[in-house]
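Asks: Here you go, one structure.
In this note's numbering, the protein residues as written are -6 to 283.
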């Protein structure tokens, strides 16, 4: 009730001094007054508040569906996160998090999760209980492997694992048949497994800035691909069946463009001059070789 909310706030103010940012946020008001009720979500945004910990009043706002705690200085998220079981969108990017609580698995309505630009070294297996998850960004962390239970995230469509420490693509990813976007750029990948062919709905595949030396033939069977970025690797030859990727519109140079990105590779076959002739010239060359 309103009286209970006010009395609990009074107790906090009397018993201990609130951090300056929290005092400024509430200004004697009820926590619920911070919520914004839009057409789709009940949301709460606490961006760039200088927070080192999450305010306790947040865990009582069970109706919140969209929560933005990005660009603070949070070092941990407590188990109380599980109380916000209506969350659909959670943004934790740009903090100092080293781990996520296993209670994140209680967020059964979660569709979008951003934890990029933190200090994560691992991801809790319980995250795979969020079966409605569609978008997951874990970029710019220190992750080198994923839980095998990630195979259960069958609704996942977009996955960003760039700027981490993966030496190989985790096997569980190849079970995510709904993926249409996969970003593994700026890791330590040395190869792409033949199992990549199981990502039958993949449209955008980015593996730039790794240590990849060759592309598997099976990659050529993902005919849904519209953007393939293999810039800045150690690739010397291209698979002869690459011309099967008929949805690639051109050889692309702008990182945002759809097409085949293959600059800054030590190509020996086909010769760089053929590549410079454009995608049609390249694909015709590969067809003629067969």
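Here a beta-carbon is modelled for each residue, glycine too, at the ideal position from N, C-alpha and C. Small disclaimer: the values here were computed from a predicted structure and weren't measured.
Are there 16 or more other CB atoms within 10 angstroms of the CB of residue 264, so buried, or fewer, so exposed?
Replies: Residue 264 should be labelled exposed.
Asks: Roughly how many whole angstroms lie between the Cα atoms of residue 107 and residue 281?
Replies: Spanning the two alpha carbons is a distance of roughly 45 angstroms.
Asks: In three-state DSSP terms, what is residue 159?
Replies: Here residue 159 sits in coil by DSSP.
Asks: What is the DSSP secondary structure of residue 20, counted as helix, strand or coil?
Replies: Coil, per DSSP.
Asks: Using only the alpha-carbon positions, how far apart do residue 123 and residue 149 sit?
Replies: Each residue's alpha carbon lies about 10 angstroms from the other.
Asks: Is the segment 227 to 234 touching the segment 243 to 250 in the sense that three or more CB pairs, one from each, lie closer than 8 angstroms?
Replies: With the cut-off at 8 angstroms, the segment 243 to 250 and the segment 227 to 234 do not touch.
Asks: I'd like to check one pair, residue 136 with residue 158: are the Cβ atoms closer than 8 angstroms?
Replies: Yes. Within cutoff.
Asks: Look at the alpha carbon of residue 237 and the alpha carbon of residue 52, and state the distance between them as a whole number of angstroms.
Replies: Approximately 52 angstroms between the Cα atoms of the pair.
Asks: Where residue 221 and residue 48 are concerned, what is the direct C-alpha to C-alpha distance, given to the nearest angstrom?
Replies: One C-alpha to the other measures close to 43 angstroms.
Asks: Mapping DSSP to helix, strand and coil, what is residue 144?
Replies: Of the three classes helix, strand and coil, the one that applies to residue 144 here is helix, per DSSP.
Asks: Could you say which of 92, 132, 63 lies nearest to residue 114 if we only look at CA atoms?
Replies: Minimum Cα distance to residue 114 is reached at 92.
Asks: In angstroms, rounded to a whole number, what distance separates the CA positions of residue 163 and residue 257?
Replies: Taking the straight line joining both Cα atoms gives about 25 angstroms.
Asks: Rounded C-beta distance between residue 255 and residue 224? I'm assuming under 8 angstroms.
Replies: Contact holds; Cβ gap of about 7 angstroms.
Asks: Is it true that the CB of residue 239 sits closer than 8 angstroms to the CB of residue 216?
Replies: Contact flag set, yes.
Asks: Nearest to residue 262 by CA position, among 233, 244, 213, 243, is which residue?
Replies: Nearest C-alpha to residue 262: 233.
Asks: For residue 38, list the residues DSSP reports as bridge partners.
Replies: Residue 38 pairs with 61.
Asks: Can you tell me where the beta strand (DSSP E) holding residue 276 begins and where it ends?
Replies: Note, residue 276: premise wrong, no beta strand (DSSP E); alpha helix (DSSP H) at 272 to 282.
Asks: Does residue 265 come out as helix, strand or coil in the three-state DSSP assignment?
Replies: Here residue 265 sits in helix by DSSP.
Asks: Who are the near neighbours of residue 219 in its chain, counting only those whose CB is closer than 7 angstroms to its CB and skipping five residues on each side?
Replies: Around residue 219: 196, 197, 240, 241, 251.
Asks: Quick check on DSSP: helix, strand or coil for residue 3?
Replies: Low per-residue confidence applies at residue 3: pLDDT is 35, beneath 50, and the placement is therefore not dependable, though the value from the model is reported in the following sentence. Helix at residue 3.
Asks: DSSP state of residue -2, grouped into three classes?
Replies: Confidence in residue -2 is poor, its pLDDT being 41 and thus under 50, which makes the residue's placement too unreliable to answer from.
Asks: Using only the alpha-carbon positions, how far apart do residue 186 and residue 277 sit?
Replies: Answer to the nearest angstrom: the Cα atoms are 26 angstroms apart.
Asks: Closest to residue 66 by C-alpha separation, out of 77, 85, 80, 79, would be which residue?
Replies: Selected option, being the one with the closest Cα: 85.
Asks: Have a look at 100, 259, 165, 128 and flag the residue whose alpha-carbon is nearest the alpha-carbon of residue 142.
Replies: Considering only alpha carbons, the answer is 165.
Asks: Whole angstroms is fine: what's the gap from residue 74's alpha carbon to residue 50's?
Replies: Spanning the two alpha carbons is a distance of roughly 12 angstroms.
Asks: Which residue wins for smallest C-alpha separation from residue 83, given the options 133, 172, 194, 57?
Replies: The candidate whose alpha carbon is nearest that of residue 83 is 57.
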